[in-house]
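Chains as they are written, first to last, in the numbering used here: chain A, 497 to 849; chain B, 104 to 213.
What follows is one structure encoded as structure tokens, with my remarks underneath.
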């Protein structure tokens, strides 16, 4: 039996990992609203998730044949959340393609282990933390930058940038915003503070969104030092929950760097935020003029963009096959459903155990 | 003491704020939104970011704890309650009240 198919005698470790994945994915999926921007992803994904799941499986098989190691494959995704948030789509895709449960299990396990390679902590954030950096690296990063104390003007500029980046990520990638965004921590530093890092990447995907307003930074890293009593918690899909005070009240210092690590002054953040606001407005105006079919067309491209790293490693085009767009033209976008499935229903639908 | 009507929802971003409400039924209402007021909307998407940046708090009819409104409010440190049924109908622009983003309660002065 090849690497791509799981043995009938699945190991205990494999079973435990699958069970943990099912639990970890079911919780945020049960909290996900049906009324999503710009339309609910399920209405679009049904048009091509079988082909997407098969593409991922096939790409990994071919990368194995070429001897491309898992470290390199994982690194190409950069954000563990880019993988983790997409796994269920690929699993549902393989269900739609009617492949065996063993093959689906194998793909899910492979992807979860790829995501694990990008993390220093638990891949499912079961301890409430999303630890991407090893402790020493987090300490070194924090020590390498000059912190701006959290004066009200600094807090305001920092939070406006953080919120606008989130809006930009969702504008560019819809529900697949894990492509652009990884919010990680909280790293407990030697000085007693908690460090939360927000990494934003791929903010100028010209192939996906031509003719967008330019940005001066396609990648940004926001670092926030908080008091030790900040009560933060992440789920497996990189959603951050607060249990105590607002983040502004525990923020003690901040720093922002661009993609190559060059620090940005707090005085410059307003201009960066304004550029991002222009980007969000431009995308919003474009989508507001589109029909549902046009939105779905773009959404299909976004879904395929998620796995672009695999095609890049293979030296191939990332675009969806024409047949997906032909399906859209012939059957249209799926109907809106307001049915909010409970965790048990989501777990059963995954059919992985 | 001013009598209050209490509306229940889901606490999405901690903190409390008191002030005037502004009901925005569409993005075209935002240019009239007074900075610092509490923004009341049906649901949010990225295009609402300008409204959030000006708001003192947010109330949304739809959405849960990982909705766009909830995440944006947490990033901005704005008290936010989501899932408040018929909020845009039950809360009038110009009314005063309070938002408890931890308890998920919106109190509107009668």
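Heads up, the beta-carbon is just placed ideally off N, CA and C, and yes, glycines get one too.
These numbers were taken from a predicted model, which means no experiment stands behind them.
As DSSP reads the structure, residue 729 of chain A sits in a beta bridge with A:737. Using a Cβ-Cβ cut-off of 8 Å, residue 155 of chain B counts as an interface residue toward chain A, since at least one Cβ of chain A sits closer than that to its own. In this structure, residue 734 of chain A keeps its C-beta atom at 8 Å or more from the C-beta atom of residue 802 of chain A. Interface flag for residue 150 of chain B against chain A is set, since a Cβ pair is found closer than 8 Å. Among the CB atoms of chain A, none fall inside 8 Å of the CB of residue 196 of chain B.
Within the segment 546-586 of chain A, the runs of alpha helix (DSSP H) that reach at least 4 residues and sit entirely inside it are, in chain order, 566-573, 576-580. Contact check for residue 122 of chain B against residue 199 of chain B passes: the beta carbons are separated by less than 8 Å. Around the beta carbon of residue 687 of chain A, a 10 Å sphere encloses fewer than 16 other beta carbons of the protein chains shown; the residue is thus reported as exposed. Boundaries around residue 781 of chain A are those of the alpha helix (DSSP H), 765-785, since no beta strand (DSSP E) includes it.
For secondary structure counted as the beta strand (DSSP E) over 3 or more consecutive residues, the segment 660-714 of chain A holds these complete runs in sequence order: 677-684, 690-696.
If you draw a straight line from the Cα of residue 695 of chain A to the Cα of residue 771 of chain A, it comes to about 18 Å.
Collapsing the DSSP output to three states places residue 722 of chain A in a strand. In the three-state reduction of the DSSP assignment, residue 596 of chain A falls in the coil class. The continuous stretches of beta strand (DSSP E) do not include residue 521 of chain A, which lies in the alpha helix (DSSP H) extending over residues 508-527. By the rule that beta-carbons nearer than 8 Å mark a contact, residue 184 of chain B does not touch chain A. Only residues of its own chain outside the window of five on either side were considered, and among them 125, 126 have a CB closer than 6 Å to the CB of residue 196 of chain B, listed in chain order.
Counting along the chain, residue 141 of chain B sits inside the beta strand (DSSP E) bounded by residues 141-144. Residues of the segment 515-541 of chain A with a C-beta atom less than 8 Å from some C-beta of chain B are 524, 527, 528, 529, 531, 533, 534, listed in chain order. The beta carbon of residue 559 of chain A is closer than 8 Å to those of 569, 806, 809, 810 in its chain, skipping five residues each way along the sequence. Taking 8 Å as the CB threshold, residue 144 of chain B stays off the interface with chain A. Residues 543, 544, 547, 796 of the same chain have their beta carbon placed closer than 7 Å to that of residue 820 of chain A, with the five preceding and five following residues left out of the count. DSSP places residue 161 of chain B inside the beta strand (DSSP E), whose first and last residues are 160-163.
By the beta-carbon neighbour count (other beta carbons within 10 angstroms, threshold 16), residue 723 of chain A is exposed. Among the residues of chain B, those whose CB is under 9 Å from the CB of residue 662 of chain A are 149, 152, 171, 174, 175, 178, following chain order. Cβ proximity to chain B below 7 Å picks out nothing from the segment 544-565 of chain A.
Per DSSP, the continuous beta strand (DSSP E) segment holding residue 212 of chain B begins and ends at 208-212. For residue 184 of chain B, DSSP records a beta bridge to B:114, B:162.
In this structure, the alpha-carbon of residue 585 of chain A lies about 25 Å from that of residue 702 of chain A. For residue 829 of chain A, no alpha helix (DSSP H) run applies, since DSSP gives it neither H nor E. Note: residue 645 of chain A is bridge-paired with A:749 in the DSSP secondary-structure output. Assignment of residue 126 of chain B by DSSP, reduced to helix, strand and coil, places it in the strand class. Judged by DSSP secondary structure, residue 201 of chain B falls within the beta strand (DSSP E) whose first and last residues are 199-203. When C-beta atoms of the segment 745-757 of chain A are compared with those of the segment 780-792 of chain A, fewer than three pairs fall below 8 Å, so the two segments do not count as touching. Taking C-alpha positions only, residue 659 of chain A is separated from residue 155 of chain B by approximately 9 Å. Of A:631, A:632, A:617, the smallest CA-CA separation from residue 625 of chain A is found for A:617.
Secondary structure at residue 759 of chain A: strand, using DSSP grouped into helix, strand and coil.
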